[in-house]
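Notes follow the structure.
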Amino acid sequence: MERRALGRTGLKVSEIGFGCWGIGKGMWKAEDATSRLALQEALGCGMNFFDTAFVYGNGHSESLVAAETAGEKGVVIASKVPPKNREWPARLDAPIGEVFPEEYVYEMGMRSFENLGRRKMDILQLHVWSDRWTDEPAWRRAFARLKDEGACDFFGVSVNDHAPGTAVKLAKSGFVDSLQVIYNIFDQSPEDELFDAARENGVGIIARVPLDEGSLSGKFTEGTRFDDWRSRYFTPERMPEVVRRVEALRKLLEKPGRTLPQAALAFCLSNKAVSSVIPGMRTLEHVRANAAVSGMRLSKGELSEIKKHRWDRNFYGKDY
Ligand SMILES: NC(=O)c1ccc[n+]([C@@H]2O[C@H](COP(=O)([O-])OP(=O)(O)OC[C@H]3O[C@@H](n4cnc5c(N)ncnc54)[C@H](OP(=O)(O)O)[C@@H]3O)[C@@H](O)[C@H]2O)c1
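Residues in the sequence shown are numbered consecutively from 3, following my numbering.
See the structure below:
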């Protein structure tokens, strides 16, 4: 498993990281015993980067990650402070006092630290963002206190869905070490501006939702229905277009020795701004298949064809 620098932090993270939302069980279904095996398998495959959050099962995902990685050297854990008003994504005009007041960020950071068994977090991220907060001192004061307390080392922000432009000012500010952003074959928008701003300023990029919540696995048909939160994301009306676009990608990218989801992850790693891509995983099989992507590269021709498959849309529901 190849590792990449996480911006200027000095941390080295596996190209393929573990997205730990699903194993938290809040909005996805998962079996703890299987999740534990998947986490162990990830370590065995050389993955050292785990992205979790307080809200992924109100500390459940954090606890699983802490338990399964305890005693392992070189592990990098990132967690997240949820917005106080519990609004995802953030309203861009929301005042900081409503979303991330200092005392609240400090207390939630300490709760994540406790959930992780007082294992210091390598990165603590704010779970939503509005660029109007960049110059607000409240969240930075809270982060500084958490660092003094020994709860975490570095700070990041998870940017609102499909809105990388709302974090360009932040990338240039010097206030954060990492940014987590949706990046996949459909949503190529971070390439427009954010990636350059991040690279020029030593900010690590964590690429989330690399499989478009599963569509880029190539497993769906027009009739696929969901028993989790995705019943609102992949509505029956949307499925025909999703499947048509994914089938076009399958023709382009699937080949012996490389599945469509593997090519989709390799696409994310083809951009040098990306430190780690974090597919959501709940099974050993997916861990193994995704770990095998490290070192796979797409050809120049494939990358230039993929540009034509950009699809700007927001199935989560809010546009900016
Ligand atoms: N606001 C935020 O900060 C935010 C929001 C979303 C996600 N995230 C982070 O990003 C991570 C990834 O996003 P995500 O989990 O929402 O979406 P994702 O990675 O785009 O997709 C997850 C889906 O991909 C499937 N999958 C994974 N590996 C596969 C493989 N090798 N073959 C076939 N299918 C595969 C999973 O299958 P199964 O259904 O079979 O498990 C699951 O349905 C999260 O876990 C979380 O850490 C952060």
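Here a beta-carbon is modelled for each residue, glycine too, at the ideal position from N, C-alpha and C.
| message | Starting from S180, trace the beta strand (DSSP E) in both directions and tell me its first and last residue. | response | If you number the sequence shown from 1, residue 180 lands on position 178. Note, S180: beta strand (DSSP E), 180-184.
| Alpha-carbon to alpha-carbon, G225 and G204 | As a working note, residue 204 is residue 202 in the sequence shown. As a working note, residue 225 is residue 223 in the sequence shown. If you take the alpha carbons of G204 and G225, they lie about 44 Å apart.
| message | On the criterion of 16 or more Cβ atoms from any shown chain inside 10 Å, does R6 qualify as buried, or is it exposed? | response | As a working mapping, residue 6 is identified with position 4 in the sequence shown. Looking at its Cβ environment, which holds 16 or more other Cβ atoms inside 10 Å, R6 is buried.
| message | Please state the DSSP three-state secondary structure of K1. | response | Any question about residue 1 goes unanswered here, given that the chain covers just 3 to 322.
| request: Grab me the residues of Q348's own chain with a C-beta within less than 6 Å of its C-beta, minus the 5 sequence neighbours each way, in chain order. | output: Nothing about residue 348 can be reported from this structure: the residues present for the chain run from 3 to 322 only.
| field | Ranges of the alpha helix (DSSP H) found wholly within the stretch 222-247, counting only runs of at least 4 | value | 232-235
| If you draw a straight line from the alpha carbon of G12 to that of P139, how long is it in whole angstroms? | The residue given as residue 12 occupies position 10 in the sequence shown. The residue given as residue 139 occupies position 137 in the sequence shown. If you take the alpha carbons of G12 and P139, they lie about 25 Å apart.
| query | For the beta strand (DSSP E) that contains F51, what are its first and last residues? | reply | Residue 51 sits at position 49 when you count from the first residue of the sequence shown. 51-53 is the extent of the beta strand (DSSP E) around F51.
| Span of the alpha helix (DSSP H) around C270 | As a first step, residue 270 must be located in the sequence shown, where it is residue number 268. First-last of the alpha helix (DSSP H) with C270: 262-271.
| message | So, at 7 Å on beta carbons, what are the nonlocal neighbours of A268 in its own chain, with the 5 sequence-adjacent residues on each side left out? | response | Within the sequence shown, numbered from 1, the residue matching residue 268 stands at position 266. Same-chain partners within the cutoff: V295, M298, R299, L300.
| message | I'd like the list of long-range same chain contacts for I184, defined as Cβ closer than 7 Å, with 5 residues on each side in sequence excluded. | response | Mapped onto the sequence shown, residue 184 falls at position 182. Hits under 7 Å: D163, H164, R210, V211.
| Looking only at DSSP bridge pairs, what is S278 linked to? | Stepping through the sequence shown from its first residue, residue 278 is reached at position 276. BP columns for S278 point to I208.
| request: Label T136 either buried or exposed according to how many other C-beta atoms from any shown protein chain fall within 10 Å of its C-beta, with 16 as the threshold for buried. | output: To locate residue 136, count along the sequence shown from 1; it is residue 134. Buried, by the Cβ-count rule.
| query | Is any heavy atom of ligand 1 found at a distance shorter than 7 Å from the C-beta of N87? | reply | The residue you call residue 87 lines up with position 85 of the sequence shown. No, the Cβ of N87 stays beyond 7 Å of every heavy atom of ligand 1.
| task | Run the CB neighbour count on N87, radius 10 Å, all protein chains shown included, and call it buried at 16 or more, exposed below. | result | One-based indexing of the sequence shown puts residue 87 at position 85. Exposed.
| message | Suppose contacts are defined by Cβ-Cβ distances below 8 Å. Is P281 in contact with L196 by that definition? | response | The residue you call residue 281 lines up with position 279 of the sequence shown. The residue you call residue 196 lines up with position 194 of the sequence shown. It is not a contact, given that the beta carbons lie outside the stated cut-off.
| field | With 16 other Cβ atoms within 10 Å as the buried cut-off, status of G19 | value | As a position in the sequence shown, residue 19 is number 17, starting the count at 1. Buried is the call here.
| Sequence ranges, beta strand (DSSP E) only - wholly within the stretch 100-128, length at least 3 | 123-128
| query | If you run the structure through DSSP and keep just helix, strand and coil, what is V83? | reply | By one-based count along the sequence shown, residue 83 stands at place 81. Correct three-state label for V83: strand.
| field | Contact set for S95: own chain, Cβ-Cβ below 8 Å, skip 5 residues either direction | value | Start at 1 with the first residue of the sequence shown, and residue 95 comes out as number 93. According to the sequence shown, residue 95 is Asp rather than Ser. Taken in chain order, the residues that qualify are S132, R134.
| task | Assuming G158 contacts A80 (C-beta within less than 8 Å), just tell me the rounded distance between them. | result | Mapped onto the sequence shown, residue 158 falls at position 156. Mapped onto the sequence shown, residue 80 falls at position 78. Confirmed, about 7 Å.
| Coil, strand or helix - D137 by DSSP | In the sequence shown, the residue the question calls residue 137 occupies position 135. In this structure, D137 counts as coil in the three-state DSSP scheme.
| query | Using CA coordinates, which residue listed in E304, I98, P103 is at the minimum distance from S272? | reply | Here residue 272 refers to the residue found at position 270 of the sequence shown. Residue E304 is the option with its Cα nearest to S272.
| In its own chain, which residues sit with a C-beta less than 6 Å from the C-beta of Y322, not counting the 5 before and 5 after it? | Looking up residue 322 in the sequence shown gives position 320. Annotation note: pLDDT 42 at Y322 (below 50); position unreliable, coordinate value reported separately. Cβ neighbours of Y322 beyond the five flanking positions: A165.
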